[in-house]
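According to our numbering, the residues represented by the sequence shown are 168 to 618, in order. Here's the structure, in structure tokens; my notes come after.
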Amino acid sequence: MTPSAPPPRRRRWRPSYDARVAALVLAGGLPAVLTVFILLILGDYSERLVWTVGGLVVFAWIVAAVAVRTRVVRPLQTLANLLAALREGDYSIRARGADLDDPLGLAFAEVNALREPLRAQRLGAVEAVALLQRVMAEVDVAMFAVDSTGVLRLVNRAGERLLGRPADELLGQRASDVGLGECLAGEPRRVLEASFPGDDGRWELRRSGFRQGGMPMQLVVLSDVRRMLREEERRAWQRVVRVLSHEINNSLAPIQSLAGSLRTLLSRTPRPADAEEDLERGLAVIGGRAESLGRFMRNYASMAKLPSPVLAPVPVSEWVERVVQLEKRLAVRVRPGPPLTITADGDQLDQLLINVVRNAVDASTETGGGVEVTWERRNDTLVLSVLDEGPGLPPTANLFTPFFTTKRNGTGIGLVLSRQIAEGHGGTLTLENRSDSRGCVARVRVPINYN
């Protein structure tokens, strides 16, 4: 048998506060009233006088009790009304006649002073909510707020377009019924493929929690991945076209100018005595510019068609010594690190280190400094450093932008190709100014056992 529930406890009756105040006042005056009656009864007074004086005493006693009750209870009622108005957001009511020398007046003054900060906080909260709603309405990303029961409580304009329905029809419905059920489960940050009435494709999902009115809510944000990719692709093509146009025009402009000059030279009759020399010199310049343009296009093709690495054991010391010996302009110092053998594509790593060392030598020859190559092991990663004593990095963020170069005869391909090789091996290539002296340090990080 299940035990029966205990009977509910009866609330003991208790008089109200104003009734207790009146009772205390009456109790305080009762001894005086009894004393008056005793004196009247024991004295040599007529019955009529006893009842007349006694009635007046009792009447005064009751009137005094009611007056005291009113003086105590009425200010408390006023104070309660003020606090209730503040709680409801009505800041137009205030207590009058607040005397700071009186305890009750001091309480009224404090309540009056509480109005301004509460009003400012309320106004700030209203303005913040209005701003948030405005931002959510204008942002071009679908945003939804769902409560703990899965009911849709907030949707912006982009969300309306995505679901193909106005907010009036969406609010109050379950998220699963409008096609958002998949967004409320699984990882809070991921890319998903989903179809909605307004669009379908790939979406970046971000889901986070917040509280509104003390209730837990979930904010769901859906952004179109295709749009971001198309924008990035458009910007990338613009950069490529801009650089290609610049390089091609740099070569075609002198070729066109020289071709016109040579045509004019050939049309002159009789030809000048040094015409043959001018023709040879002009054709040499045209050939040189054409060769430079062809080299540029080959470099671009090599960057765009970098093959996958062919992995094999590569001893680090042999790799560094082999590349350093190729540099004839400057004696590159090698500070050996621990003996290591990594798994990588040796040919691609040669090209990477050749480019990095060449840049370091170019920088150091400007200042008459030196170049040093060293390496170390950090956990399962090889960290190879190439330190130069050149002028340091220029103030630019475009060092790894294709075709961007600070050299007079540079192509802007070497660093980009080197970073692609490092990333193709699961590593990185970074450049930064040295902290110990003037110059730059290039750090190549590649896994020791890449697969």
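We treat Cβ as the ideally placed atom computed from N, Cα and C, and that holds for glycine. Quick caveat: nothing in here was measured; it's all calculated off a predicted structure.
- The DSSP assignment places 513–534 as complete runs of the alpha helix (DSSP H) inside the stretch 510–570, in order along the chain (cut-off: 4 residues).
- The C-alpha of alanine 227 is placed about 39 Å away from the C-alpha of leucine 253.
- Distance between valine 452 and glutamine 423, taken at the CA atoms: about 11 Å.
- DSSP lists Met384 as the beta-bridge partner residues of phenylalanine 377.
- In this structure, the alpha-carbon of leucine 271 lies about 14 Å from that of alanine 280.
- For glycine 606 against glutamate 556, the beta-carbon gap comes to about 4 Å, under 8 Å, which counts as contact.
- With contacts defined by Cβ atoms closer than 8 Å, alanine 527 and alanine 609 form a contacting pair.
- Valine 392 places its beta carbon less than 8 Å from that of tryptophan 370.
- At a Cβ-Cβ threshold of 8 Å, isoleucine 208 and valine 217 count as neighbours.
- In the structure shown, the three-state DSSP call for asparagine 323 is coil.
- As the crow flies, the alpha-carbon of leucine 433 is around 21 Å from that of arginine 456.
- The count of Cβ pairs closer than 8 Å, one atom from the stretch 530–541 and one from the stretch 582–593, stays below three, leaving the stretches out of contact.
- Exposure of aspartate 211 is indicated by the presence of fewer than 16 other C-beta atoms within 10 angstroms of its C-beta.
- For asparagine 616, there is no enclosing alpha helix (DSSP H), as DSSP marks it with neither H nor E.
- Beta-bridge analysis with DSSP links threonine 595 to Arg612.
- Residues of the same chain with a CB within less than 6 Å of the CB of leucine 554, apart from the 5 flanking positions on each side, are Glu539 and Val608 in chain order.
- Judged by DSSP in its simplified three-state form, valine 296 adopts helix.
- C-alpha of leucine 246 to C-alpha of proline 182: approximately 21 Å in a straight line.
- Excluding residues up to 5 positions away in sequence, Val322 and Glu327 lie with their Cβ nearer than 7 Å to the Cβ of alanine 334 in the same chain.
- DSSP places arginine 357 inside the beta strand (DSSP E), whose first and last residues are 356–362.
- The straight-line gap separating the alpha-carbon atoms of glycine 449 and isoleucine 521 is approximately 34 Å.
- Residue pairing of glutamate 371 in beta bridges, as defined by DSSP: Val358 and Ser390.
- Residue burial annotation: glycine 256 is exposed, with fewer than 16 other C-beta atoms found within 10 angstroms of its C-beta.
- Closest in C-alpha terms to isoleucine 588, from the list Arg378, Leu516 and Asn546, comes Leu516.
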